[in-house]
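Student: Take this structure, written in structure tokens, and hold onto it; I'll ask about it next.
Next up, the structure:
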């Protein structure tokens, strides 16, 4: 792993004297404590759970917009590329890694103010360092009747960072980018703009998305046209009624019909959340660590082994999860529609808040009972009689899923990143990048029809098998007309052969899906340079826009394939 | 009115020889029949219902994307500005007028193919010449169970043109720009791009809005960065149940509470459509022509005269209209919520399809009865007994409003543009620009709260009075958090003093609202140059983006204030 003593070699086009001068200026701008060049820091910000890595040259922690302006100007003057990360928790896509070695890494975690919450108009204005947990806690502690959508990854993730990268959550506000409104942005020339052309301090800046003139906020998502230093984010008024619903799909062959039902339900507004449909391997990764003993010398599990595991864990080949939100009558109307559509294909369970509380009590009871050595039989009896045939882990999972559907983050779910890790999953302080876990995300966008979903699954499943990996996938409805197929390549990072195979699988997935006409939803930092290859005119347009606002190529050159030149 | 013989003078920076050469080349590109320079054509495309006008130098009607590419290249070479209009029915904002004299006007009405309708995924792919009527007829004649949202203006308007200018309709798909997905665009260099970075022929191009990398479609709305030659537009699956609802608000002082209720209803998803709340003057303009006899020598109506007119026409100071869409149970749940919120402030009427049919029968019956001279008493009896105390005109209006709420366009409503015209409102072939009507739109964006709405109304109402105009306004919920306040300046274009006063009022409205922090939603072509004045950094950003993609300033220079140099 290349570290700081190799730094100067890696910064190809910078004279060392210029780099040193830049450091002097950056320290003056943000304070010496907030400019790190020690080996430990550089190593920490140069890796993720993906097989590739880059070596950065310095990590800077600005505390304000003005400090960012200063850093950007210094970097431009010295021709240093600056890669900005809000919190750096984008595990599996690159976390805090630049696309090239030698970059300046900007971490915005010190900019973590919640500047405004407007309860009537249901939005918050926050800085990029604000986390899901911080925002949820803020709302709860002040009894503000608004929910902030969150992902099922770490509660320490950045709300703005995830939204700008177009991450998805679980509620009706799960399209995080779609719910951003009103950005303050530092440009590569150090100027600051507010999107939307509203007069300064306009009261509609965070309520009206399109603004006057061109809608420009899209330019700052999945790209490198500026550094967002403040944003409005729409929040969901706490509904009168809430229910989680789960649909367990017993037969793989019903999947296309379920997908078509899901589309109709979303179009009809019955499913308003970004529904998640996960397969058995992904579900297993949330329940346990990898069952190496069942591999029988093969690189991955056989169909029989998966079937056996499903039965042991009480899960089905596919499971659908989403939430119902509204008045009691709205929820009732939508529940009826969901029953009508999905009943033929699976077992439906609806869980409201009262039932969740009961479930939590039961889990507590069973756990306490099981701890008493003489009462383990009673524990089993309780579990089987009161909860059902599925093991406790499934109910633990459900207990943690349901709050996420209400915008309450947990680090319980993202422990699946440790599926193939040789260390046990931590109970807290989950950090798969730090802990050497192996996980690559691969995501395709598909129209939300059974036939398109099947086509991409049929394309990708054999590639996983060929490369010796278990096929792990979730389908997430991005909108009523499209889904992202999010695949997980779980691998053992301590095994260099398996690590190489994982990278090979990722590259094959990119190539095969794009050749079949399906674009990527997000890309990891090591593969971004190929994203625009199929569309050269579009590449030229983006590059010329980039040159116009960032002629020195200061801001994240090559991010999402733009301005890599 | 300056006409074509003055054309050469007006094209300040073009040598006549160069212009003539450009004409030769354009005729070769699209055919002589499709390049008009006769006085009558130039006059027709140089005016609108607004008090300002511009003189264009040529009108070109390309029939394809490739012809547009050719025209753009010719124009760039000869330094001619090109202003593109899909159908040119944007009455009150500039219709087919450029911001400067001497422009090449491109009309895309020949590009009117409906290229695809996907019933499962609920979208259409169309060219810019496709009209609301054409699309609605296409769906109906093929029994496709999808609705295309329309405006309440002419059925001959362009679906794409209106969406790119961020026009609004009435259904749950009323945010027209928000429902565009996947654009094909001709750039100023003659290159063609498809937005979203999907591989060519990607099946998700029209289902997934954000694409991969930056979301760029916003760049092409309310701007001049390219000419959209094809677009996907999301359509609404025909719901099981539909109801129109009307709320008549008797007391002006209830307005803020109604606005707050509307916001809560929209946030709760009960009102999914872009609800319209109109005041008495606007409502009167839909029912009748201006009652000059009630002015009593004053430039506009007194409060007493308005009260008297309201009573005579059976209308209230404010009226709210929207639609309910969904399953029977969903509509029922939402209706209950609407009743709970709005009942305290007004009279609620819900009209479903069956009741609409009954209303139509009754109107027919009354009309037929009234036509019989001996039976006019019977007609009055029928009307009063069966329909109520309001005059027939109100029911005619309702009869035409309800189909619009289902995406069926009509030219009945837009006849309000003739409010102050000296000619009678036409029964068909409505065209206020041709017929010399006087109408300027002015639109502010406000957060959807009673206090913000009141603040802007209180700011603008006295300005109307000062300039001698009746205060005509509608509030349209753009999203659950904001509304546009759309004001109508009706004036008599044959009266030059009143015309000058109308222009003065418009300018005062622009200045006062922006000074108070409220931006404009759309701007007319004569005032666009001032839009970006309050935000100089933003202006610099837009101008530098514009220079990057359009260095010769070929495409609509100055549109929405961009690249006016």
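Protein chains in written order, with the numbering used here: chain A, 482 to 1046; chain B, 482 to 1046.
Glycine residues also receive a C-beta, built at the ideal position from the N, C-alpha and C atoms.
The beta strand (DSSP E) that contains residue 728 of chain B, what's its start and end?
Tutor: By one-based count along the second chain, residue 728 of chain B stands at place 247. Note, residue 728 of chain B: beta strand (DSSP E), 722-730.
Student: List, in order along the chain, the chain A residues whose C-beta lies closer than 7 Å to that of residue 696 of chain B?
Tutor: Within the second chain, the letter at position 215 stands for residue 696 of chain B. What residue 696 of chain B touches in chain A: 699 and 702.
Student: Beta-carbon within less than 8 Å of residue 903 of chain A's beta-carbon, same chain only, minus the 5 sequence neighbours each way: which residues are those?
Tutor: Working through the first chain from its first residue, we reach residue 903 of chain A at position 422. So the list reads 973 and 975, once near-sequence residues are dropped.
Student: Find the nearest neighbour of residue 711 of chain A within the set A/674, A/844 and A/584, judged by alpha-carbon distance.
Tutor: As a working note, residue 711 of chain A is residue 230 in the first chain. Ranking the options by Cα distance to residue 711 of chain A, first place goes to A/674.
Student: Under a Cβ-count criterion, where at least 16 other Cβ atoms within 10 Å of its own Cβ denotes burial, should residue 892 of chain B be classed as buried or exposed?
Tutor: For the purposes of this step, residue 892 of chain B is taken as residue 411 along the second chain, with counting starting at 1. With 16 or more other Cβ atoms within 10 Å, it is buried.
Student: When the Cα atoms are used, what is the spatial distance from residue 483 of chain B to residue 519 of chain B?
Tutor: Your numbering for residue 483 of chain B matches position 2 in the second chain. Your numbering for residue 519 of chain B matches position 38 in the second chain. Unreliable placement is indicated for residue 483 of chain B, whose pLDDT of 36 sits below 50; the coordinate value is still reported in the next sentence. Residue 483 of chain B and residue 519 of chain B: Cα-Cα distance of roughly 13 Å.
Student: If I measure Cβ to Cβ from residue 591 of chain A and keep anything under 8 Å in the same chain, skipping five residues before and after, which residues do I get?
Tutor: Walking along the first chain from the start, residue 591 of chain A turns up at place 110. Excluding positions up to five away in sequence, the list reads 515, 542, 543, 544 and 610.
Student: Take residue 746 of chain A and list the residues in its own chain whose beta-carbon comes closer than 7 Å to its own, dropping the five residues that flank it on each side.
Tutor: Residue mapping note: residue 746 of chain A aligns to position 265 of the first chain, counting from 1. Excluding sequence neighbours, residue 746 of chain A sits near 752, 818, 819 and 822.
Student: Of the choices A/1036, A/1038, A/1033 and A/1023, whose alpha-carbon is the least far from that of residue 693 of chain B?
Tutor: Counted from its first residue, the second chain places residue 693 of chain B at position 212. Checked all of A/1036, A/1038, A/1033 and A/1023; the closest Cα to residue 693 of chain B is A/1023.
Student: With H, G and I counted as helix, E and B as strand and the rest as coil, what does DSSP make of residue 1056 of chain A?
Tutor: With chain A represented from 482 up to 1046, any question about residue 1056 of chain A goes unanswered, as that position is not in the structure.
Student: Residues in its own chain within less than 7 Å of residue 927 of chain A by CB, not counting five upstream and five downstream?
Tutor: As a first step, residue 927 of chain A is located in the first chain; it is residue number 446 there, counting from the start. For residue 927 of chain A, where only same-chain residues beyond five positions count, the Cβ hits under 7 Å are 933, 934, 937, 963, 964, 966 and 999.
Student: Counting contacts by CB-CB distance shorter than 8 Å, is residue 711 of chain A in contact with chain B?
Tutor: Counted from its first residue, the first chain places residue 711 of chain A at position 230. No, residue 711 of chain A lies away from the interface with chain B (no Cβ there is under 8 Å from its Cβ).
Student: Which word fits residue 596 of chain A, buried or exposed, when buried means at least 16 other C-beta atoms lie within 10 angstroms of its C-beta?
Tutor: For the purposes of this step, residue 596 of chain A is identified with residue 115 of the first chain, where counting begins at 1. Counting Cβ neighbours within 10 Å, residue 596 of chain A comes out exposed, since fewer than 16 surround it.
Student: Have a look at the DSSP bridge pairing and note the partners of residue 769 of chain A.
Tutor: As a working mapping, residue 769 of chain A is identified with position 288 in the first chain. DSSP, once it has assigned bridges, lists no residue as partnering residue 769 of chain A.
Student: Roughly how many whole angstroms lie between the Cα atoms of residue 506 of chain A and residue 517 of chain A?
Tutor: Within the first chain, residue 506 of chain A is the residue found at index 25, counting from 1. Within the first chain, residue 517 of chain A is the residue found at index 36, counting from 1. Distance between the alpha carbons of residue 506 of chain A and residue 517 of chain A: 13 Å.
Student: Keeping to the same chain, check which residues put their C-beta closer than 6 Å to that of residue 649 of chain A; ignore five residues upstream and five downstream.
Tutor: Numbered from 1 along the first chain, position 168 holds the residue referred to as residue 649 of chain A. Contacts found: 655, 755 and 957.
Student: Can you pull the chain B neighbours of residue 603 of chain A, defined as C-beta to C-beta under 8 Å?
Tutor: Mapped onto the first chain, residue 603 of chain A falls at position 122. Going along chain B in sequence order, the residues near residue 603 of chain A (Cβ under 8 Å) are 748, 961 and 962.
Student: Using the Cβ count rule (16 or more neighbours within 10 Å means buried), how would you classify residue 703 of chain B?
Tutor: As a working note, residue 703 of chain B is residue 222 in the second chain. Counting Cβ neighbours within 10 Å, residue 703 of chain B comes out buried, since at least 16 surround it.
Student: What residue range does the alpha helix (DSSP H) around residue 933 of chain B cover?
Tutor: For the purposes of this step, residue 933 of chain B is taken as the residue at position 452 of the second chain. Residue 933 of chain B -> alpha helix (DSSP H) spans 931-947.
Student: Counting only beta-carbon atoms, is residue 811 of chain A nearer than 8 Å to chain B?
Tutor: Your numbering for residue 811 of chain A matches position 330 in the first chain. True, the Cβ-Cβ gap to chain B drops below 8 Å.
Student: Counting only beta-carbon separations shorter than 8 Å, does residue 955 of chain A have a partner in chain B?
Tutor: Looking up residue 955 of chain A in the first chain gives position 474. With 8 Å as the cut-off, residue 955 of chain A does not count as an interface residue toward chain B.
Student: Using a beta-carbon distance below 8 Å, is residue 564 of chain A in contact with chain B?
Tutor: Counting from 1 along the first chain, the entry for residue 564 of chain A is found at position 83. Not one chain B Cβ lies under 8 Å of residue 564 of chain A.
Student: Within the 8 Å Cβ cut-off, does residue 1041 of chain B reach chain A?
Tutor: In the second chain, residue 1041 of chain B corresponds to position 560, counting from 1. By this cut-off, residue 1041 of chain B is an interface position.
Student: Closer than 7 Å by beta-carbon distance: list the chain C residues that pair up with residue 933 of chain B, in chain order.
Tutor: Note that chain C does not occur in the displayed structure, where the protein chains are A and B.
Student: Could you tell me which uninterrupted beta strand (DSSP E) segments, each at least 3 residues in length, are contained entirely in the region 540-590 of chain A, listed from first to last along the chain?
Tutor: Whole beta strand (DSSP E) segments, 3+ residues: 563-566 and 585-588.
Student: Any C-beta of chain A sitting closer than 8 Å to the C-beta of residue 632 of chain B?
Tutor: Numbered from its first residue, the second chain carries residue 632 of chain B at position 151. No, its Cβ sits nowhere closer than 8 Å to a Cβ of chain A.
Student: Between which two residues does the alpha helix (DSSP H) holding residue 500 of chain B run?
Tutor: Translated into positions along the second chain, residue 500 of chain B becomes position 19. Unbroken alpha helix (DSSP H) run through residue 500 of chain B: 497-511.
Student: By the DSSP assignment, the alpha helix (DSSP H) with residue 619 of chain B in it spans what residues?
Tutor: Reading the second chain from its first residue, position 138 is the one you call residue 619 of chain B. 613-622 is the extent of the alpha helix (DSSP H) around residue 619 of chain B.
Student: If we count Cβ pairs, one from each stretch, closer than 8 Å, do we get three or more for the region 617-637 of chain B versus the region 554-561 of chain B?
Tutor: No: the two stretches stay apart, fewer than three of their Cβ pairs being nearer than 8 Å.
Student: Helix, strand or coil for residue 718 of chain B? Go by DSSP, reduced to three states.
Tutor: The residue labelled residue 718 of chain B in the question sits at position 237 within the second chain. Here residue 718 of chain B sits in strand by DSSP.
Student: On the three-pair Cβ rule with 8 Å, is the region 943-954 of chain B touching the region 1018-1037 of chain B?
Tutor: No, the region 943-954 of chain B does not touch the region 1018-1037 of chain B.
Student: Can you look up residue 783 of chain B in the DSSP assignment and give me helix, strand or coil?
Tutor: As a first step, residue 783 of chain B must be located in the second chain, where it is residue number 302. If DSSP states are grouped into helix, strand and coil, residue 783 of chain B belongs with coil.
Student: Quick check on residue 784 of chain B: buried or exposed, where buried means 16 or more other Cβ atoms within 10 Å of its Cβ?
Tutor: On the second chain, position 303 is the one that residue 784 of chain B refers to. Exposed, by the Cβ-count rule.
Student: At a CB distance below 9 Å, what residues from the region 542-572 of chain A approach chain B? Give them in sequence order.
Tutor: The residues in question: there are none.
Student: Which residue wins for smallest C-alpha separation from residue 806 of chain B, given the options B/848, B/872, B/888 and B/548?
Tutor: Taking the second chain and counting its residues from 1, one reaches residue 806 of chain B at position 325. Comparing Cα-Cα distances from residue 806 of chain B to each of B/848, B/872, B/888 and B/548, the minimum goes to B/888.
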